Amino acid sequence: MGAIITLSLLAILVLYLGLFKAKNTLLPVSLAGLLGSAVLLLLDWNKAAEPLYSGMILFDRFALVFSVVCILITVLILLLSKDYFDRISGNVAEYFALIIFSLTGAVLVTSFHNMAMLFIGIEIMSVALYILAGIRKKDFGSNEAALKYFLMGAFSTGFLLFGITLLYGASGSFDLAEIRQYVIDNPTGISVMFYVGILLMIVGLAFKVGAAPFHFWTPDVYDGAPILITIFMSTVVKAAAFAGFLRLFSYCFEPLQDFWVPVMLVITIITLFVGNITALVQHSFKRMLAYSSISHAGYMLFGIVAIGASSSGAILLYATAYSLATVIAFGSLILVKRTSGSDDYESFNGLAKRNPRLALTITISMLSLAGIPLTAGFVGKFILFAGVLADYHVLLVVLAVINAAMAIYYYFRVIVAMYFRPAEREVVAYPVNYQVVFVLAAVLILLIGVYPGLITSLI
Amino acid sequence: MDGIINSMQGVPLNHYILFSTIIFSIGVIGVLIRRNAIIIMMSIELMLNSVNLLLAAFSAYSGDPAGQVFVFFIMALAAAEVAVGLAIIVMVYRNTRSLDINTLNRLKW
Amino acid sequence: MDNLLILLLFPLVGALVLAFVKQSAPAKRLALLFSVLALGLTIPFWCQFNPAAGMQFEQQFAWIPALGIDFHIGIDGISLPLVLLTNLLVPLIVLSSFSATHRGSFYALVLGMQTGLLLVFTALDAFTFYVGWEVALIPIYFICALWGGEDRIRVNIKFFIYTFFGSLLMLIAIIYLHVQTPSGDFALTSFYNLNLDNATQRWIFWAFFIAFAIKMPLFPFHTWQPDTYTTAPTAGTMLLAGIMLKMGIYGLIRWLIPVVPEGFAAYGWLAALLGIIGVVYASLIAFKQKDFKRLIAYSSIAHVGLIGAAVFVWNVQSLQGAMIQMINHGISVIGLFMLVDVISRRLDTRDMSQMGGIAKVAPAMAIYFLIIVMGAVGLPVTNGFVGEFLMLIGIYQYSIWYAAFGGLTIILGAVYLLRAYQQIMHGPLNDRTSSFAPLQWHETVVLVVVSGLIIIIGVYPQPLLNISEGAVTELVQQIGSLAR
Amino acid sequence: MMVFYFVAFLSIFFALMTIFTKNPVHSVLYLVITFFTFTVHYVLLNAQFLAVVNFIVYLGAIMVLFLFVLMLLNLNEETEPMKSNLVKIMGTVAGLCFLATIIGSLNLLETSNPLILKNPDIGLVQNLGRVLFDEFLLPFEISSILLLTAMVGAVLLGKSDPKKI
Amino acid sequence: MIDLIWLVPLLPLLGFIIIGLGRNVLSKPLIGILGSGVVLGAFLVSALIFGDVYAARQAGEAGSYTVSIFDWFSAGNVQIALSFLIDPLSAIMLLIVTGIGFLIHLYSIGYMQKDEGFGKFFSYLNLFVFFMLLLVLGSNYVVMFIGWEGVGLCSYLLIGFWFKNKSYASAAKKAFVMNRIGDLGFLLAAFLIFATFGTLEFSGIFPKAATMVSGDGMLLLITLLLFIAATGKSAQIPLFTWLPDAMAGPTPVSALIHAATMVTAGIYMIARSNILFTLSPVTMQIVAAIGICTALLAAAIAVTQNDIKKVLAYSTVSQLGYMFLGLGVGAFTGAFFHVITHAFFKALLFLGAGSVIHAMSNEQDMRSMGGLKKHLPVTYATMLIGTIAIAGIPPLSGFFSKDEILAHAFAESPVLWVLGLIAALFTSFYMFRMLFLTFFGKFRGTKEQADHLHESPLSMTLPLIILAVLSAVGGFLNVPAALGGGSGLDGFLAPVFADSVSHTGAFHLDHSTEYVLMAASAIAALVMAFLAYNKYISKGAVPQAEGARMGVLTRLSYHKFYVDEIYDALVVKPLDNLSVFFHRIVDKWLIDGVVNGVGRLTGESGKYLRLLQSGNVGFYLFMMVVGIIALLIYGVMKF
């Protein structure tokens, strides 16, 4: 709880700093604040978790871990933000504030224990992002991203709310515990409204995690938004959304599996294929990552399809792995784009000659995204597959495997470009903060890949 | 007041749901058939309102105020969304001199 | 000095060291040093190995307790020959690349791959096995794609995706089996002790089989192989053909057939048939190859096909034959690709129609070449004979027709290899070949070692056979040969 | 009884007008009317406070904002972009399908037990206040963050800064 | 002495190793002495061993010993030991191989003097002797197979000895491949034998076999496969075409490998496993038929050949056919007897031809020879003896051996005898034709050839003389009873063929018939010799130059009945086309097409799938709604 307060206050403080033109203090202050809130979370690590504020939020282990991960990823992103935002405009403080607000929303989504909190958390997260996506005011891409994200987000919110309402109408409460109770108490006589409510919740949440057929915003928004914001969207927001998704479904709807698992199954398969196949034919690295993020969402959905004790750990691991790799991938794009000015694969040509270390980290992240052993990405896939196979969805895994094989193609295109395609290019500037972040992320990827116990033991 | 209340008695719950669903669908239709971003936003507002009404109906039905309280949050959201949305629209308008959502299709494929 | 873990990690250390060596010359020497030391480290295992004692030198650490994954390695009669082979060939491969000027990173990749291979050959835990399986794949991809010939990017991405897809199927099977195990772990033994229903065994069989078949490669899954072999740098080709494809065969023996005996009983005949088809098919294709390297690539498919068939027949003779033939094939294929390198490097072509009469200018090489060829066509008192004899007599016990068609290899092999030998070494010299530079020392070393081994193993193969005898007999008793 | 159906009819009618009139200004005005009818519904549901808030927030704030922006960008019938009829029809059909499916899945056409106000005074301010500031305190507080975010964002996007991209 | 047996193969092996390693340092004379010395040594040892065996036979024992050297390899119940079997049969073969081998080594010292590959040549020869001895001595089919393939390798090496010449090289390849076809038969036969008898040791197989019923199916299969192997090695139809081409090798090689020893391996092997054959009459008939056909075909071809070595080559094929005929009619001793005599006189003839070619400075076409009698007296004299011997004119060796075979053939069926006789007629005709064309008439060569003519050195003539003596008297090894001989060979080899004999019953033909047959063949031979004399001396006819008009039969014979061309059209071409078809169509287009197709398919589908991402928000929203409707429909379905 302290974390949420800290974060909100931190955001406001940042706004004030901006007001007093204390630019240089922004980064350290917000980093300190973030780490502080992370610490606050870790403080009640071993506390027996009970719902706070008349059952509004519940900081159990699950919530703690996910929140901490989100916060730490945000730390990495903010580290990258040095001399990134002020290329856009002077209002760096606002950007920071919005990011932190959004993070607050994310934390709420991971820890909600009441539909109201879920709803508000999601909205805080999204509203901040609607804005952040559009901060390049003169850039059409940015504008378009903002507008598309906003319109579709608002639209999906409508369905989410409708769903919540129906659930409320059926169960007569917004409190997860009571809803769960309602489900357990009358296994047969559950009102149809409840089922429709579940379906509409699926719509709303699937939209947030960018699962087909509600994924259409993802590529365009990721593509149009400023890269750093894209990183935030594709890592923190996605992770939080999945946390919320999982929390709701594993806690409340778990007894009704037979009803919604088929739906999720279909959604998962479509998501995998749409994401991968479309990513195959992209020329822009950024857009490829956008599509691949869809397919990764597909993989993470495995955790929900095979809902069970292991899901949370699996999704956590996968989300972490994916986030770390994505930070490197998009971050490197920032650097490369500065010299080449384009998002295409070609701008990576011959990178290995000029910046071997950078190329190596990118390679690691690509291998992790592709799911090669000894990287975090592999372990993530492995555990998710294990979970699904435990439920005997062999076909699903076979399809997933086909997709994994496809994915190799577009991830290796980057490696091919960096190592095998010769190109006359100047050295890409590799600022120290980027080095720190990348090396940290790469090491974590390998560490988790070699010894995943680090993460899985947390939940 | 009582008169009104009495006149309320006996409207089947389903009809409330039906009604708000219709409004909601109208909102959806609006979103689908208009190209003016503002109108689309308004249609979305329509959807939200139908939800509000439904919540109110439910809370009245089950005699639990939580539903009505929830409506406040939705309203807050609506306000926030409108503010942000209109800001975005204005920003876009500055660049494109149009509110037509179809003019914004540079990002594709 | 018989700590298996050290043996496995030693090449990795070498790789890490070499990764920082920029110049070519010291990198070569270091790499050679490391690989030779690694070979030295394997000797104690051979000496202390007890064929009767089953699994030995075991080491086991908990890896991912949550999933019951252990890091579990050990050596038995099946793995030891392949471990020996790996550590024997890597020094030769390193030597073979001395003509080129590669930086340390190249050798780092080679040694890194060595670790992966050793891991595969010693793993007793499915997860460990899979990890080794992929870890071996990454370096070879980079070796082939970085130092390869023309069109290397397309060819290698195809190779990578193809094999990766196969191994993912295997991953499914592994995980599925893991889910089935009562103890919920990945241990080989608990896989062996599973009793799955027939239907399950059947699809698991294919999941594993396709993975291994692609790696070997067996007949319909082979199309990546000629291109990859041809475009890869010599060392890469040697790694692929000499050691890597043994991963597939080893997998059949260790992870496929004992795990799903019923699936094997149901489809073994088909798998063996694929092998036999491969023998004839690839040999016939090899007839008309102009490119020397490509010809050897196809011949490798043929030889591997026979080994595969022998494995699937699954009796003592055929398995023993397969075991020793894996080593033989490794040795002679290294020799052949060395020759390809020697010749194409000097004539800067691999088109055999432009060669001829080299025996005149390089008589010594002619002799090595001949010995290697004779080994490849399985002439008695060369190693090839022992292997092919045992395999064929084993296959015969299943079906005379398999044996007859498989036996065609000794005719067809003679046809295309002698055709190649004649086109390259015999006939009149032409202006290209007349200025054929004499062998360099490292080339001579490789060729001498290879041809020496061919004769030695051919004359006295028993020690090698003794290593695997016990393990093979036990396996056959466990599973029982392929029923007619 | 009848009142509800009458008002419901009105709201539906005006809602339709909202989305089908070509002139944006008109549709805003129709929307205003629609919302007004909603207020009536709230009253009928005995949610007086809600009715008031709805009246103030929507009609007072949101609608004015819409209208304001419309005027600002001075949109009118001429500039109004319209989709092709095909799209319109498809959209309508889709919407109706949505309606139909929901009706079907909720089998709304069956009669259900009538809505009886159990405790008529939940809509009163003090009741709502009690719930809002006790049970729903946290969301209430948090929603302030939401509004703050919106405010900051609106300002950020709204003001035109000299700096180029 | 028996336990010295390991020396016999070891000596040539040592010779091979030493010469092979030192071929560039050692001087030619040293190499020559070393090379022939080791073989001589081997010969002496074998002589001693033969002595023991002979003594044993005289003492009435079987005289067969098995000496095990070491266990080669084993897997499960397959145990392969490197062990030797010495019995009368192998003892004689030892003598022939080492003896004639030595003579030919000796001869080669002179013959190869000028060749820069001198050392290589001798090392190869020694290697060959080593493998041949393994083949002969092997006490199981695997060791025999080692020798079997080893000699194949050596013949490959020696045929391709002058590999600079493309056609020579391909001749070598052809020989190796055709042998390999046979070898596959041998392998499969070995597997069958192992499956049937559970061992590959002769000592284990034959006793078991003797107890089996005649005409056993498995035996039939085994023997057929073995026979295929024999046809490969011993150049019978259909695999005989490699032998004439094999004349590309140096003449001593032709003499040693392609006349005296290697090509008779097939006969040796069948004689070894005689019991198996006796028990499958069908195979026996096939063997006889193939044998006689080969004899006739080859003889018919030999009649019109102009290359002196080709003539001898085809005559070899024909004689081998004779031996198979002998085997086929159960005259194992006779066949083996013919092996011996043939070894003598055919080696002699080849070496003689060699010395002629040597004198003619590598001219092999008889059309440019003639009247060499006065220039090469020794060669002429010895070759004359050889010719008479092979023509089967008494009392020289050929007569006796050939006659024994014919006698058995007659006993089998007169038709075979007639055919055999015809083959004999051809033989004597073309042999005398060769003799006359070469040594009589006037010299038809070029001027410088004429100046260069000279008798060969002693190292070459000495072997000729020895061989001449042998082929003159060799026949008395086994004089038929009809001529009052004790038929020594018969008695000596009796234990080897005992089982077969006990099955077929002892061979008997009353003496009168035998006299008639002998007379017939002898007279016929003389007549043909006279015809040849008439044609080539009296009329002085000379074969026409290339491309001249000839009669149909002549042309057929001259072009070897187009067998090579037929094979090319029936086997080689189709295989090559098949290869191209597999490569281009099946591999590249079909299989790889599927593989790449999958990839391309996904790529293509991506091209279309991406169009969904039209960039138009309205469309996105629409799709969302569609999705939602789908979900809700699922809901409706559910209830």
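Just so you know, the sequences run in chain order V, H, A, D and G.
Going letter by letter, the first sequence gives residues 2 to 460 in this note's numbering.
Going letter by letter, the second sequence gives residues 239 to 347 in this note's numbering.
Going letter by letter, the third sequence gives residues 8 to 491 in this note's numbering.
Going letter by letter, the fourth sequence gives residues 16 to 180 in this note's numbering.
Going letter by letter, the fifth sequence gives residues -11 to 627 in this note's numbering.
C-beta: ideal position from N, C-alpha, C; glycine also.
Predicted, not measured: the structure shown is a model, and the values here were computed from it.
Taking 9 Å as the threshold (beta carbon to beta carbon), is residue i in contact with chain G?
i               : result
V269 of chain H : yes
T116 of chain D : yes
N274 of chain H : no
R339 of chain H : First, the residue type needs correcting, since residue 339 of chain H is Ile and not Arg in the sequence shown. Yes, I339 of chain H counts as interfacial toward chain G.
F113 of chain D : yes
H229 of chain A : yes
N122 of chain D : yes
If you drop the 5 nearest sequence neighbours on each side, which residues of the same chain put their C-beta closer than 8 Å to that of residue i?
i               : result
D345 of chain V : H284, S285 and F286
Could you confirm whether any beta carbon from chain H is found closer than 9 Å to the beta carbon of residue i?
i               : result
K209 of chain V : no
Measure the C-alpha to C-alpha separation of residue i and residue j and round it to an integer number of angstroms.
i               : j               : result
G254 of chain G : K221 of chain G : 6 Å
Please list, in chain order, all residues of the same chain as residue i whose beta carbon is under 6 Å from its beta carbon, the five residues on each side excluded.
i               : result
Q181 of chain D : Nothing can be reported for residue 181 of chain D, as the shown portion of chain D is limited to 16 through 180.
T389 of chain A : M381, G382, I461 and G465
Y323 of chain V : H297
A478 of chain A : D83, G84 and I85
Residue i by DSSP, collapsed to three states: which one?
i               : result
N128 of chain G : strand
E189 of chain G : strand
G265 of chain H : helix
A618 of chain G : helix
S175 of chain D : coil
V266 of chain A : coil
M97 of chain D  : strand
Can you confirm whether residue i, when its beta carbon is compared against all beta carbons of chain V, has any partner nearer than 9 Å?
i               : result
H433 of chain A : no
Can you give me the Cβ contacts of residue i inside the same chain, cut-off strictly under 7 Å, excluding the 5 residues immediately before and after it?
i               : result
F61 of chain G  : I68
R491 of chain A : Y405 and S406
D103 of chain G : F109
L143 of chain D : F64
M200 of chain G : L207 and L267
To which residues does DSSP link residue i through a beta bridge?
i               : result
S696 of chain G : Missing from the structure shown is residue 696 of chain G; chain G here goes from -11 to 627 and no further.
Establish whether the CB of residue i and some CB of chain D are separated by less than 9 Å.
i               : result
G623 of chain G : yes
I282 of chain H : no
L251 of chain H : yes
Nearest chain A C-beta to residue i closer than 9 Å, yes or no?
i               : result
Y628 of chain G : Since the first residue of chain G shown is -11 and the last is 627, residue 628 of chain G is not available in this structure.
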